[in-house]
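What follows is one structure encoded as structure tokens, with my remarks underneath.
Chains as they are written, first to last, in the working numbering: chain H, 1 to 541; chain Y, 1001 to 1541.
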């Protein structure tokens, strides 16, 4: 039986519109037409111009028959064209597939085939890789070249038309189309995957919109910020920030090359207030030489994911005028979906303790409805004791639609009504989670779980160590034992015993590496350590 | 034909949860359990306590059979119980119907009958009105008394149980229920309506959620603000701010009596950072006597709707450490849905010009998808010339579900796929709207439209005038002419000619009132001037 609230109160065009980031750019361009949208070297656009360019792009693509269900791939650095593509492509109904510019040709060819891209918009800088990828492709694709006047390096045009020529075909007042349904796909992002073929994570207009309004809410980001692009826009669509900036009418400052001098220059000259970046970017800032530094008199907010910097680094960067917020997420969760939400009383902790609480991955975003650490099989939450390890699970509106053309992987990822992150962690008594490992990386020795992240953290503390990775080595007696691969700082030398002794002073006995190998660490194009290669090496020792 | 993005990528419990403010309070209580949620005199609650009390309320109501499709009415001032009801009632699936505490008994009886409330939670202060309303009621209703220890005035208990006794029946770990669908109703708010029966505006969980995340986005409101309740929570659910505060883990400071001393006290002692209020509240602040004022060293953000203060007032309040943001909306749009979004270059304008741009109702919220000024019949947008009058129309996710049990009014309000606000205004060349009148108040004289707001604005400028209202008076020659009803300041005297002469210096000839009546103005319980009564008087002159 229907109740009184279910009679004559239906959705209609006046009171229900599919959630999408597209109306956000229309609003920024209408309300603040002359405000700077994107700055890239000597190129400076206003919001009206960016919107017009995005509409021309959408119009031109649409005239070529692109629309709902089609894929447009882009191989672009953080430049104005990349920003425009985040609006101009979805505006036609098509899906933007931003490629990781560090990938090899074979992987790119795989992605272009799998994602069924009809068009590829590519920057001249990447022509060596792309030309090989195109030769490996088993389908027709239209190639559009971006020839950025700010780029003076090598590389050639590969297609018959440039991006500017394409735009010239388009109408600046093209209206585009809103999604028929907010669940419609807006983007496709392939996971880098340390093993196997990459999987295509599909985002919806709804999720992109919620990221656009939810990231500022969570990060206390005000209207009209100035945002520096150090995080690649190809990475989870820049954690949804092209759409965030449209919601806030913010200014994007682009950097083709992320260097300390460029970061300080953008802060000092453009008044950058916010940026997102990997810890490596924080390292750049801290280790900047005197000549690269610039004075600035405002506070700069940094959102960083993955392992946050150690205490000394954190203290140093905060004393320099930066404030660091630690977040965590996966491609499958639109980028960050947890935050180490800060309690004011933690300011009073001494640096090491403060860095320790900040190193935790934290709690769910207000707009992410579910987060738990649970048994991977039963999905029973683990006790909040800071000790029992479990898998991290997400559920809610910041979780992907699924993996493209991969129902098996999708079903597996969503088994039990939760997204299985594959990350292992503990749940602290205050409800904050802390990652301990990827589930496939965990070491089980004598029935005890050993977090490779924990062991690596200790080894990192050794003054001579630059990098370290710990993996399982098969062992007849214990099943597995920890095996450490260590890169020393330039000019340093050390023995395995020295490292092991150091661990003995800082770790439970069963967690101490039995084997230490001094070597360079194999990495993916995105800088992730390829532990599967190290596991093979360890097994062969 | 389905495309690749429509295969095996469906909504499921892991990636799609109905949007609702309910998970927001769970998050605040889990992440910041000990942070202050609500402060009311000597009563101070933490987020964990507020959540527990809301859950006990939900549990107790649920045990009494309340649930989806049921209505729970509340007649409460801005006190902790009112805040709790905004979560505890929807948690059961029921709808919260917050009553305007200034209404008369007959109107309240009408609302309780029409909204089919099963339970009424009422504060002892309102027992004189409520006891009469109950006697006029044609249905059974359970009455729960709130007996606020901070209230020492008159009034008696009317029901068999107090709110605290009800809570004692409930389970603090009651889980409640999420809405089955985000379109499910969350609240019912009756318009005050200057004529006819009030209409019941129905809000959805989706809209309430979007207001909760959209208001902070629009107002640059950071996490953990301290918010002062001067705006009644019964007014469009406090413009969705109970839910906003759950999204931000903010602290609510309650005031039973909104006085200058209480406002300054809350700012100085509790560190209030934000409040929303009618212009009358700004007046309280500006006109505070020396003894009522308190020093404070932070900036306080004020969001105000309706007519913003005149230049001198605005200048004065901003020099006192307040920053005023002007917004506009209706009950049907979840409260504010447009904002006079500020351009930094406007800071350089001289005070009168600055106040003039700030007095405009502005542009759509980023989360409100459509706003236009258009012909009321054809829905054709008027030119953006700052002169052509039209009706203000809204569309998008900040528009109500419709009017309860009133399909005719709902259809009329949504005719053509836009919400008809009934407000008349102009559209400026920069896209900002400015209200000119309610459509039923406009005067048409010799075929020319006359904005009564414009004429009133001029009369207000006369130094002897306290209040003024202008209505149409029937006229054989012109059709209608403006007739002004004026209340002078205490101790002042003036002639009609004096007022007319003043208008002659400041208005186009055809807009000058032909008639001036000195009198007190009839008002509704919410302080709105009852122009229909003045029109009757003018016609009878």
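The beta-carbon is built from N, C-alpha and C at its ideal position, and this holds for glycine as well.
Which bits of chain Y does residue 30 of chain H rub up against, with CB to CB less than 8 Å? Translated into positions along the first chain, residue 30 of chain H becomes position 30. Per Cβ cutoff of 8 Å: 1363 and 1431.
Give the range of the beta strand (DSSP E) segment to which residue 1427 of chain Y is assigned. Locating residue 1427 of chain Y in the second chain gives position 427, where the first residue counts as 1. Where residue 1427 of chain Y is concerned, the enclosing beta strand (DSSP E) starts and stops at 1419-1427.
Against residue 16 of chain H, what residues of chain Y qualify as contacts under a CB-to-CB distance less than 7 Å, listed in chain order? Working through the first chain from its first residue, we reach residue 16 of chain H at position 16. Neighbours of residue 16 of chain H on chain Y, chain order: 1397.
Confirm, please, whether the CB-CB distance from residue 247 of chain H to residue 280 of chain H is below 7 Å. Taking the first residue of the first chain as 1, we reach residue 280 of chain H at position 280. Taking the first residue of the first chain as 1, we reach residue 247 of chain H at position 247. Not closer than 7 Å, so no.
With residue 322 of chain H as the anchor, note down where its beta strand (DSSP E) starts and where it stops. To locate residue 322 of chain H, count along the first chain from 1; it is residue 322. Per DSSP, residue 322 of chain H belongs to the beta strand (DSSP E) from 322-330.
Residues of its chain near residue 529 of chain H, where Cβ-Cβ distance is below 6 Å and the 5 sequence neighbours each way are ignored: Sequence index remark: in the first chain, residue 529 of chain H carries index 529 (1-based). 469, 521 and 523.
Secondary structure, alpha helix (DSSP H): runs of 4+ residues fully inside the segment 1112-1198 of chain Y: 1127-1135 and 1163-1169
State the beta-bridge partners of residue 370 of chain H as determined by DSSP. As a first step, residue 370 of chain H is located in the first chain; it is residue number 370 there, counting from the start. Its beta-bridge partners are H:395.
Cβ shell of residue 1268 of chain Y (< 7 Å), same chain only, five flanking positions each side left out: Start at 1 with the first residue of the second chain, and residue 1268 of chain Y comes out as number 268. Excluding residues within five positions, the ones whose Cβ falls inside 7 Å are 1294, 1295 and 1296.
Report the three-state DSSP secondary structure of residue 1461 of chain Y (helix, strand or coil). Counting from one through the second chain, the residue named residue 1461 of chain Y turns up at place 461. Three-state DSSP puts residue 1461 of chain Y in coil, outside helix and strand.
Could one say the Cβ of residue 418 of chain H lies closer than 7 Å to chain Y's Cβ atoms, at least one of them? Within the first chain, numbered from 1, the residue matching residue 418 of chain H stands at position 418. It does; some Cβ of chain Y falls within 7 Å.
Can you find the residues in the same chain that come closer than 7 Å, C-beta to C-beta, to residue 270 of chain H, ignoring five residues on each side of it along the sequence? To locate residue 270 of chain H, count along the first chain from 1; it is residue 270. Contacts found: 39, 226 and 253.
Pop quiz: residue 1166 of chain Y and residue 1288 of chain Y are said to be a contact at Cβ under 8 Å. What is the actual Cβ separation, rounded to whole angstroms? Looking up residue 1166 of chain Y in the second chain gives position 166. Looking up residue 1288 of chain Y in the second chain gives position 288. The Cβ separation is near 39 Å, so there is no contact.
With a threshold of 16 other CB atoms inside 10 Å of the CB of residue 1444 of chain Y, please say whether the residue is buried or exposed. Here residue 1444 of chain Y refers to the residue found at position 444 of the second chain. Counting the other Cβ atoms within 10 Å of the Cβ of residue 1444 of chain Y gives fewer than 16, which makes it exposed.
Quick check: the segment 12-22 of chain H against the segment 1389-1405 of chain Y, are at least 3 beta-carbon pairs closer than 8 Å? yes
Counting only the same chain and skipping the five closest in sequence on each side, list residues whose C-beta sits under 7 Å from that of residue 1395 of chain Y. On the second chain, residue 1395 of chain Y is found 395 positions in, with the first residue counted as 1. Excluding sequence neighbours, residue 1395 of chain Y sits near 1369, 1370, 1417, 1418 and 1419.
Shortest alpha-carbon distance to residue 164 of chain H belongs to which of H:153, H:53, H:202 and H:250? On the first chain, position 164 is the one that residue 164 of chain H refers to. Answer by Cα proximity: H:53.
Alpha carbons only, please: which of Y:1089, Y:1115, Y:1066 and Y:1043 is nearest the one belonging to residue 1406 of chain Y? As a working note, residue 1406 of chain Y is residue 406 in the second chain. Measuring from the Cα of residue 1406 of chain Y, the nearest candidate turns out to be Y:1115.
Hey, how far is the Cα of residue 1047 of chain Y from the Cα of residue 95 of chain H? In the second chain, counting from the first residue as 1, residue 1047 of chain Y sits at position 47. In the first chain, counting from the first residue as 1, residue 95 of chain H sits at position 95. Each residue's alpha carbon lies about 42 Å from the other.
When the Cα of residue 110 of chain H is compared with those of H:372, H:78 and H:191, which residue comes out closest? On the first chain, position 110 is the one that residue 110 of chain H refers to. Relative to residue 110 of chain H, the option among H:372, H:78 and H:191 whose CA is nearest is H:191.
Residues that DSSP places opposite residue 523 of chain H in a beta bridge: Taking the first chain and counting its residues from 1, the one referred to as residue 523 of chain H is at position 523. Residue pairing from DSSP places residue 523 of chain H in a beta bridge opposite H:529.
Return the chain-ordered list of same chain residues with a C-beta closer than 6 Å to the C-beta of residue 1238 of chain Y, the five sequence neighbours on each side being excluded. Counting from 1 along the second chain, the entry for residue 1238 of chain Y is found at position 238. Hits under 6 Å: 1231.
Shorter than 7 Å from the beta carbon of residue 223 of chain H to some beta carbon of chain Y? Start at 1 with the first residue of the first chain, and residue 223 of chain H comes out as number 223. Yes, residue 223 of chain H counts as interfacial toward chain Y.
Determine which residues share a DSSP beta bridge with residue 1403 of chain Y and list them. Taking the first residue of the second chain as 1, we reach residue 1403 of chain Y at position 403. Beta-bridge pairing links residue 1403 of chain Y to Y:1201.
Which of the residues in the segment 1242-1273 of chain Y, read from start to end, lie with their CB under 9 Å from any CB of chain H? 1246, 1247, 1248 and 1249
Have a look at H:106, H:202, H:105 and H:81 and flag the residue whose alpha-carbon is nearest the alpha-carbon of residue 1007 of chain Y. The residue you call residue 1007 of chain Y lines up with position 7 of the second chain. Nearest C-alpha to residue 1007 of chain Y: H:202.
Say whether the segment 1172-1179 of chain Y touches the segment 1018-1025 of chain Y, bearing in mind that this needs 3 or more beta-carbon pairs closer than 8 Å, one atom from each stretch. With contact defined as three or more Cβ pairs closer than 8 Å, the segment 1172-1179 of chain Y and the segment 1018-1025 of chain Y are in contact.
Whole-angstrom distance between residue 489 of chain H and residue 316 of chain H, CA atom to CA atom: Taking the first chain and counting its residues from 1, the one referred to as residue 316 of chain H is at position 316. Taking the first chain and counting its residues from 1, the one referred to as residue 489 of chain H is at position 489. Rounded to whole angstroms, residue 316 of chain H to residue 489 of chain H spans 20 Å at the Cα level.
Mapping the DSSP letters down to three states, classify residue 1434 of chain Y as helix, strand or coil. For the purposes of this step, residue 1434 of chain Y is taken as residue 434 along the second chain, with counting starting at 1. Correct three-state label for residue 1434 of chain Y: strand.
Which full runs of the alpha helix (DSSP H) of 4+ residues lie inside the segment 230-286 of chain H, going along the chain? Correct list: 236-239, 241-248, 260-270 and 279-286.
Endpoints, alpha helix (DSSP H) assigned at residue 27 of chain H: For the purposes of this step, residue 27 of chain H is taken as residue 27 along the first chain, with counting starting at 1. Here the alpha helix (DSSP H) through residue 27 of chain H covers 22-31.
Straight-line Cα distance separating residue 1377 of chain Y from residue 1537 of chain Y: Mapped onto the second chain, residue 1537 of chain Y falls at position 537. Mapped onto the second chain, residue 1377 of chain Y falls at position 377. Near 30 Å, if we compare the C-alpha coordinates of residue 1377 of chain Y and residue 1537 of chain Y.
So is residue 1509 of chain Y buried or exposed if we call it buried at 16+ other beta carbons inside 10 Å? By 1-based counting over the second chain, the position of residue 1509 of chain Y is 509. Flag for residue 1509 of chain Y reads exposed.
Pull out every residue of the segment 346-372 of chain H whose Cβ sits closer than 7 Å to any Cβ of chain Y, in chain order. 363, 364, 366, 367 and 369
Under the three-state DSSP convention, the category residue 495 of chain H falls into: Here residue 495 of chain H is taken as the residue at index 495 of the first chain, counted from 1. DSSP places residue 495 of chain H in coil when its eight states are reduced to three.
Can you find a C-beta in chain Y that's less than 7 Å from the C-beta of residue 5 of chain H? The count along the first chain starts at 1 and reaches residue 5 of chain H at position 5. Answer yes: the Cβ-Cβ gap between residue 5 of chain H and chain Y drops below 7 Å somewhere.
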